[in-house]
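Novice:
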Amino acid sequence: MNQREPQLRTVDVTRYVKPLREGGSLPAIVEANDDFLYVIKFRGAGQGVKALIAELIAGELARALGLRMPEIVFATLDEAFGRTEPDEEIQDLLRASEGLNLALHYLSGAITFDSLVTTVEPKLASQIVWLDCLIMNVDRTVRNTNMLMWHKELWLIDHGAAFYFHHSWPNVEEQARRPFAQVKDHVLLPQATELAQVDAEYRAILTPALIRAIVGLIPDQWLLGDSPFTTVEEHRLAYIQFLEVRLASSEIFVKAAEHARKALI
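Start counting the sequence shown at 1; every next residue gets the next number (UniProt numbering).
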């Protein structure tokens, strides 16, 4: 697999198209100055910038591993943008989100993945389960798969619930070595029969340099405040430390996932 240096484009939001009210954070479809549509995640929403950080890191890790992810971009919201919005709730959200937000390319015509309709082959299922164990993503269940079918291919979306521990930042190394108990509810776990093989392949791809490059994409302003760290550098290093330690001890979450799968079948 060819590796590229991860990088994100920045676009300016020019038009608010419509809200997506499926989630509690009120994401929306917007148009940007490149004439493309995006699903924007607002930093002024309830979970704040931590959801955007999780979305960024998880999405770019998925892309580096060869999984299908819509393009992620930084989306700038001008301070005057929300003044003409008639809905007061949305207007408040737009005003609280002025500046830099995160958006994903809108996959027009995509449909929600349904495990009763579409069968995922074991290798791909194992790859997605492995990724979600790595990033502690609690949001890939039958109730909320956070996957789309687009042009007959499976695409991953919505990783804002990953790295859930960063809302309180307990001991990083302890968290990194924990099995991912919620894997028992993963929608693709029954098909994930190749976790050991995927573990070896993916650990080789996610080098320390690649991890640092991906975490390095987080804007400094998203790492200021609301954390136990005294500097932006310390905050950024905590994400790097978590991922490096978790990769080094990946057999813990792989074995836990394998045991959870055997219990299902």
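Each residue gets a CB set at the ideal place from its N, CA and C atoms; glycine is no exception.
#1: Sorted by chain position, which residues of the same chain lie with C-beta nearer than 7 Å to residue 111's C-beta, five sequence neighbours on each side aside?
#2: Let me make sure I understand the geometry here. Which of 70, 92 and 34 has the alpha-carbon closest to that of residue 80?
#3: If you check the beta carbons only, do residue 203 and residue 247 fall under 8 Å apart?
#4: Determine whether the beta carbon atoms of residue 130 and residue 195 lie at a separation below 8 Å.
#5: For residue 42, which option in 78, 109, 34 and 153 has the closest C-alpha, if you only look at C-alpha atoms?
#6: Indicate the three-state DSSP secondary structure (helix, strand or coil) for residue 165 in the structure shown.
#7: Between 191, 33 and 239, which lies nearest to residue 210 when the distance is taken from Cα to Cα?
#8: At 4 residues or longer, and completely inside the region 28–105: list those alpha helix (DSSP H) runs for me, N to C.
#9: In or out: residue 151 buried (at least 16 other Cβ within 10 Å) or exposed?
#10: Report the three-state DSSP secondary structure of residue 1 (helix, strand or coil).
#11: On the CB-based measure, 16 or more other CB atoms within 10 Å of its CB, does residue 97 come out buried or exposed?
#12: Tell me the DSSP bridge mates of residue 254?
#13: Could you pull out every unbroken alpha helix (DSSP H) segment of at least 4 residues lying fully inside the region 118–173, listed in chain order?
#14: According to DSSP, simplified to helix, strand and coil, what is residue 232?
#15: From the DSSP output, in three-state form, read off residue 226 for me.
#16: Can you tell me where the alpha helix (DSSP H) holding residue 199 begins and where it ends?
#17: Once the 5 residues before and after residue 31 are set aside, which same chain residues still bring their CB inside 7 Å of it?
#18: Helix, strand or coil for residue 9? Go by DSSP, reduced to three states.
#19: For residue 243, which residues in the same chain have their Cβ closer than 6 Å to its Cβ, ignoring the five residues on either side in sequence?
Specialist: Taking the geometry as given:
#1: Excluding residues within five positions, the ones whose Cβ falls inside 7 Å are 148 and 149.
#2: When only C-alpha atoms are compared, the closest one is 92.
#3: Cβ distance < 8 Å, so residue 203 and residue 247 count as in contact.
#4: Contact: yes.
#5: Taking the Cα of residue 42 as reference, the smallest distance to any Cα among 78, 109, 34 and 153 is reached at 78.
#6: Residue state, collapsed to three classes: helix.
#7: Across the set 191, 33 and 239, the C-alpha of 239 shows the shortest separation from the C-alpha of residue 210.
#8: Runs of the alpha helix (DSSP H) lying entirely within the region 28–105, each at least 4 residues long, are 48–64 and 88–96 in chain order.
#9: Exposed, since its Cβ has fewer than 16 Cβ neighbours within 10 Å.
#10: Any reading at residue 1 needs caution, since the residue's pLDDT is 49, under 50, leaving its predicted position unreliable; the model's value is listed next. Three-state result, residue 1: coil.
#11: By the 10 Å Cβ count, residue 97 comes out buried.
#12: Its beta-bridge partners do not exist; DSSP assigns none.
#13: Within the region 118–173, the complete alpha helix (DSSP H) runs of at least 4 residues fall at 122–135.
#14: Three-state result, residue 232: helix.
#15: In the structure shown, residue 226 falls within a coil segment according to DSSP collapsed to helix, strand and coil.
#16: 195–205 is the extent of the alpha helix (DSSP H) around residue 199.
#17: These residues qualify, in order along the chain: 14, 15, 17 and 37.
#18: Three-state result, residue 9: strand.
#19: Closer than 6 Å at the Cβ level, and outside the excluded window around residue 243, lie 211.
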